[in-house]
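The sequence shown begins at 0 in numbering that gives the first Met the number 0 and counts up by one.
See below for the structure under consideration.
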Amino acid sequence: MAEQIFGKQTRLGFIGLGIMGAPIASRLRDCGYEVTVWNLEPERFEEVKESGATWVDSPAEVWSNSDVVLVCVLGDDAIESVCFGENGFASAGTGAKVLIDLSTTSPDATLKLSPRLKDELGAEWVDAPMSGGPQPAREGGLTVMAGGDDALYKTVEPILRDIGSNVTHMGALGSGQKTKILNQAIVGANYILMAELLAICKAAGVDPDLLPVCLKGGLADSQILQRIYTQMSAEDFDPPRSYARQVNKDLKSVAHFVEELGLDLPLLDISISQYRRYTEAGNEMQDGASVSRLYQSKEN
Numbered sequence: 000m001a002e003q004i005f006g007k008q009t010r011l012g013f014i015g016l017g018i019m020g021a022p023i024a025s026r027l028r029d030c031g032y033e034v035t036v037w038n039l040e041p042e043r044f045e046e047v048k049e050s051g052a053t054w055v056d057s058p059a060e061v062w063s064n065s066d067v068v069l070v071c072v073l074g075d076d077a078i079e080s081v082c083f084g085e086n087g088f089a090s091a092g093t094g095a096k097v098l099i100d101l102s103t104t105s106p107d108a109t110l111k112l113s114p115r116l117k118d119e120l121g122a123e124w125v126d127a128p129m130s131g132g133p134q135p136a137r138e139g140g141l142t143v144m145a146g147g148d149d150a151l152y153k154t155v156e157p158i159l160r161d162i163g164s165n166v167t168h169m170g171a172l173g174s175g176q177k178t179k180i181l182n183q184a185i186v187g188a189n190y191i192l193m194a195e196l197l198a199i200c201k202a203a204g205v206d207p208d209l210l211p212v213c214l215k216g217g218l219a220d221s222q223i224l225q226r227i228y229t230q231m232s233a234e235d236f237d238p239p240r241s242y243a244r245q246v247n248k249d250l251k252s253v254a255h256f257v258e259e260l261g262l263d264l265p266l267l268d269i270s271i272s273q274y275r276r277y278t279e280a281g282n283e284m285q286d287g288a289s290v291s292r293l294y295q296s297k298e299n
């Protein structure tokens, strides 16, 4: 199986039609793949129906009708459920040869669930979390960080390159999820930094809208400054591009990972605490960048 390359003739399954999953599934259809999908909330199928994707009624049916299944769900419990829960992959008996986990899940979950999938279904596992946003997802412009056996990775690389413009094999199984944790640490800490910069601008009488214009191309410039800070400044939060609950979940994973490594990282600790404070005040389904509202209250 390691020598087989999964090209456009591959039957793909896709689980999870959320903010990122739906545009990725549509992108794969545009690339010419046959795509069979399932989502916990069936109404989300409307997002991909016009692309020509096929709906089935359970993860098990996705598995039995696919050669490779991609999963894009919310965390460890969700990935375990679609694999081994009621009507999960394991109940299919036979089907796909490889699972590609696009979700942001923990390295521990990857290393725990992958051997079980191998034992029960004879299938391989590649962890390939991604970063970007709905628009890059729709256009095949994601950043993908993959982990898995080198020969196995090569078999699914064409699929990953159809959804990502920057695809890197980071090493052994679990390496993709470890890299995604580093990505989320950078993003999460910078969400708080951008929110605090906006608060400083307003307090100091500096035009907030001019800051990214002024700093463009300099050492302090970044995509987060140009995109997230600008979004915060414009209070452009509807419809959400991401959910605060997801960012908060990812930052909890960062905190757990850092704790396991025995590191004392106060900057990250404060950022994680501030984001948790905002999210748990009833803002779970607000846009991830709306954390800037935390600094609008006079009590802060």
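Cβ atoms here follow ideal geometry from the backbone N, Cα and C, with glycine treated the same way.
None of the values given here were measured: they were computed from a predicted structure.
- By the neighbour-count definition (other C-beta atoms within 10 Å, threshold 16), cysteine 82 is a buried residue.
- If you draw a 10 Å sphere on the C-beta of cysteine 71, you find 16 or more other C-beta atoms in it, and that means buried.
- Rounded to whole angstroms, the Cβ separation of leucine 197 and serine 232 is 6 Å, and the two are in contact under 8 Å.
- Between leucine 101 and alanine 122, the C-beta gap is not smaller than 8 Å, which leaves the two residues out of contact.
- Rounded to whole angstroms, the Cβ separation of arginine 10 and aspartate 66 is 5 Å, and the two are in contact under 8 Å.
- Put simply, of Gln295, Ile269, Lys96 the residue whose alpha carbon is nearest the alpha carbon of asparagine 189 is Ile269.
- Inter-residue distance for cysteine 213 and isoleucine 223 is about 15 Å (C-alpha atoms, whole angstroms).
- DSSP places methionine 144 in the uninterrupted beta strand (DSSP E) bounded by 141 to 146.
- Contact between glutamine 183 and threonine 109 fails: their C-beta atoms lie close to 15 Å from each other, not under 8 Å.
- Shown here, methionine 169 sits in a strand according to DSSP, grouped into three states.
- In this structure, DSSP gives glutamate 123 an extended state, which the three-state scheme calls strand.
- One thing to note: valine 68 has its Cβ within 8 Å of the Cβ of glycine 12.
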